[in-house]
Amino acid sequence: MIDTGLLNGYVSYLERRFHRLEAKELHAPDPRRARQMDKYMTEVEAVLDLCDQIESETV
């Protein structure tokens, strides 16, 4: 079984990466950076959905 704590740690990692890119983006916009930020947010949403599914199955 997948541990939601591990998944939440991964979400935290992705959010930190996103915020680093966001800070750089504010100073010097770059389309590649913006695409990477979109990928991070999509991944965060997918992992959070997976966490919700796991938690609802274990209740």
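According to my numbering, the sequence shown is numbered sequentially starting from 346.
Just so you know, even glycine gets a beta-carbon here, dropped at the ideal spot from N, CA and C.
Predicted model only: the values in this text are computed from it and were never measured.
Query	Result
Between which two residues does the alpha helix (DSSP H) carrying residue 374 extend?	Run containing residue 374: none; DSSP gives neither H nor E here.
If you count every other CB in all the chains shown that lies within 10 Å of the CB of residue 358, and 16 or more means buried, which is it?	exposed
Please report the straight-line C-alpha distance between residue 372 and residue 366, rounded to a whole angstrom.	10 Å
DSSP on residue 397, reduced to helix/strand/coil?	helix
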